[in-house]
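Per the numbering used here: the sequence shown = residues 363 to 1042. We treat Cβ as the ideally placed atom computed from N, Cα and C, and that holds for glycine. Remember, it's a predicted structure, so these values are computed and weren't measured experimentally. One structure below.
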Amino acid sequence: MSFLFRERGLLLAFLACLCLTVASASADTVTLTPQEQNIADHIVNDPNQHRPFLHLDPILTKVARQRAADMAARGYFDHVDPQGIGPNYKVQQAGYQLPAGWTNPISLNYIESIAAGRSTADATWSDWMSSQPHREHLLGLDPGYAEETSFGVGFVSAPNSQYLYYWVVITCPPALNLPSVTITSPAAKAQVTTDQVTLTGTTSGNVAVQSVVFWVGNGTPQTALGTTSWAGTLTGLVPGPNTIQAESLGSGGSVLAQTALVVNYMVYLPLTVGVTGNGSVTSSFLGTTQQAEGFSYTITAKPAPGSLFAGWSGTVSSSQPALKFTMVEGQTETATFILNPFPALSGTYLGLLQGGGPGDVKLTISKTGTYTANIKVDGHTYSAKGRIGIDGSSTMTIARHGLAPIQVSFHLDLTGTSGVTGSLNDGTTTMTFGSTQNYRPAAGRFASTGRYTVSISVNSTAPDPNAPQGNGIAVLTINRAGHATITGSMADGKSFMGAAQATGDSASNLVFYIPMYAGLGGVFGKVTIEDTAGADLDGSFRWIKPQRLADSIAPTGFDTSVPVAGSHYVAPAAHTPVLPVSVQQVDNSQLIFGDGDLAQQIVQPATLNSANQISIVQPALPGLKVIIHSGTGLFSGSFIHPMTGRKTPLHGVIFQKQNAGYGYFLGENAGGYSNLLPVP
């Protein structure tokens, strides 16, 4: 940012006015650009402004713009141009009367602040306010500046210039008898019925008016007859509002004053508005009515209870209930309403992302078709809101700091058959997801309630050599509302906890997204609650572990699919073993250990009694002890690992449907399995 202000060379003694009522900049004499208007707003509205009133002057604005453009075009940044001419002289030459002595020499500057390099008015104003000379000038803190109550603003953006952006503010004492031009007829907002009007007006001020020009819209200026009192005939009005402008011109064609007003040329045309479906529109427009051409109107559509607004069609189309349009000849509009399909489809839909990194998309859809989206991808969570279209489709864009935005699109099957399907693109990968509607408590008590013991075993069809070879374990509980929680540990010993809501379809699916390893991995997948020959619950999890070189088990990480199976667990009655064994028989069960740095598989005979206690006579593994927790369906124990000589815990679950128990233990560098079975 560059800025410059040169102290005035002549001390002007003025009394500071104590009245701090600040007038707003006049909008009817000068049309500012948005950047210029922002600076003008700062000047007028700053709470520290010391001027009693402010007047936006067209001559000063014209000179300020010329100064900004000249610096950009000729490659200098100074109050004095390459010819040695300062702003005081330029203002005087433009027709603005300054006090005597303010233009000799011609390099004087008592009136100007300039800046360059900032692209916004707010940043430019902040820099000016950080400079004491600029604060004194722009806020009138010096008594001399406080009397400079007329001002102009100029801004130029010049891409090929040194500083790109140039800002100029000029303030001057008020010109005596400021020039003005007024349209006396027609009156503002007058309604006319022909495309031409007779204009009359007046001018005043201390600068001689050479001519008055007037025009409508972007038309060609016409010269009026007379100056102090002037008149002319304006043609070319178009139906609707017309902006008429007039300027008084001084010598050399300089603009002394400007004014503008709007007149309405009224031409009435038929407008036909209809309704399809159950709903209504603004009553004053229904049917065929007469409306004025060229004027803007708004018609609002309102659906009846049980219906949705589907859109406007006709001359103007829109998906918004409030239709805004400008009246044209032959205009017709129809509001269409449809039956609301969303009450039966409202609820939560959760789908896992497929084809990329771990993640899921959770959609909560309301009875009116609005939704909230909760998206988990690559260890981050994003949220968004939107509305589903009447065709069931929706798209959303989620901005991410420093990353490409996420583009999500999905479709809701309005027949209620296939739920939600969609895709997500994170800038590099396109992933898909799908989900059926979650079970809703209003449907009654969920059928598959209770406690399930779960085994997460090795993928025997496509084993991953980097993954542990034991059986992960978990306990899953489902309440009568269809809400499930799962807690357990994977075969690398890492514990996890998750939750899911059963879907409303016949298979009762549960979709789990369970981050682990500081959110960089985890287990993700779908299981189905259904009665089969070997299980009450089955499915698969995607198990992702990132590289964790400090871990002794699977330090290089892996990404594998593991089967999930579960059995409904009911604690056995008193004096009943958890496995179908004869309590009268010694060694009626066996413990089987393998992998986990053991040299070979070990089959350990054991005796399970009616109190669900396990006794081992000759342990094949030193210190082997196993305890059954019949109330929870878990078993645990430990042994001295022959390779490490350390006490090694083991963990497992009882699988009642298969009359077996499955678990894991951890060796020095590998996981192993620990299973409990009745003797064949």
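| Query | Result |
| --- | --- |
| Nearest residue (CA-CA) to Y733, options M758, G719, D740 | M758 |
| Beta-carbon proximity check, E609 vs V559, cutoff 9 angstroms | no |
| Burial state of D390, where buried means 16 or more other Cβ atoms lie within 10 Å | With a pLDDT of 39 at D390, under the threshold of 50, the modelled position of this residue cannot be trusted; read the value that follows with caution. Per the 10 Å Cβ criterion, exposed. |
| Exposure of E474, with buried meaning 16 or more beta-carbon neighbours within 10 Å | buried |
| Same chain only: Cβ atoms within 6 angstroms of H499, ignoring 5 sequence neighbours per side | S475, Y507 |
| Sequence-distant residues of its chain with Cβ nearer than 7 angstroms to E1030 (five each side left out) | S914, D959, M1005, T1006 |
| Secondary structure of S386, DSSP reduced to three states | With a pLDDT of only 33 at S386, under 50, the local geometry of the prediction cannot be trusted, and no value is derived from it. |
| Start-end ranges of the alpha helix (DSSP H) lying completely within the region 517–548, minimum 4 residues | none |
| The region 598–618 touching the region 663–679, judged by at least three CB pairs closer than 8 angstroms | no |
| Close-in-space but distant-in-sequence residues of the same chain around V629 (CB under 7 angstroms, 5 per side omitted) | P601, A654, E655 |
| Rounded C-alpha distance that separates A927 from Q831 | 16 angstroms |
| Beta-carbon proximity of L422 to T533, cut-off 9 angstroms | yes |
| Y451, DSSP secondary structure in three states | helix |
| I447 versus D484 - alpha carbon distance | 29 angstroms |
| Reduced DSSP secondary structure (H/G/I, E/B, other) of K888 | strand |
| 6 angstroms CB neighbourhood of V889 in its chain, flanking five on each side removed | L872, L899, G901, V926 |
| Cβ neighbours of D557 in the same chain (closer than 6 angstroms, five flanking residues each side left out) | L599 |
| Extent of the continuous beta strand (DSSP E) to which W674 belongs | 669–676 |
| Cβ-Cβ distance between P535 and P467 below 9 angstroms | no |
| Whether N640 touches N626 by CB criterion (9 angstroms) | no |
| T730 in three-state terms, based on DSSP | coil |
| Among L838, T482, L996, the one whose alpha carbon lies nearest that of N974 | L996 |
| Where L611 falls, given that 16 or more other Cβ within 10 Å makes a residue buried | buried |
| Test item: CB-CB of T710 and L725 under 9 angstroms | yes |
| Residue range of the unbroken alpha helix (DSSP H) whose run includes N604 | That residue, N604, is in no alpha helix (DSSP H); its beta strand (DSSP E) goes 602–611. |
| V878 classed as buried or exposed, judged by whether at least 16 other C-beta atoms fall within 10 angstroms | In the sequence under discussion, the amino acid at residue 878 is Met, which differs from the Val named in the question. The residue in question, M878, is buried, as its Cβ has 16 or more Cβ neighbours within 10 Å. |
| CA-to-CA distance, Q909 to G789, given in whole angstroms | 24 angstroms |
| The region 842–849 in contact with the region 693–709 per 3-pair CB rule at 8 angstroms | no |
| Inside the region 411–499 only - beta strand (DSSP E) runs reaching at least 3 residues | 474–478 |
| Chain-order list of residues whose beta-carbon lies under 8 angstroms from that of S679 (same chain, five-residue window excluded) | G673 |
| Same chain, Cβ closer than 6 angstroms to S745, five either side skipped, listed in chain order | N736 |
| Cross-strand partners of L503 (DSSP beta bridge) | Per DSSP, none; premise fails for L503. |
| Buried versus exposed, by CB contacts within 10 Å (16 or more), N1037 | buried |
| Closest by C-alpha distance to S978, when choosing among I606, S1000, A936 | As written in the sequence, residue 978 is Ile, which differs from the Ser given in the question. When each option's Cα is compared against that of I978, the closest is S1000. |
| Nearest residue (CA-CA) to L707, options P720, T688, G713, G754 | G754 |
| Rounded Cβ spacing between T677 and Q693 (contact assumed at less than 8 angstroms) | 5 angstroms |
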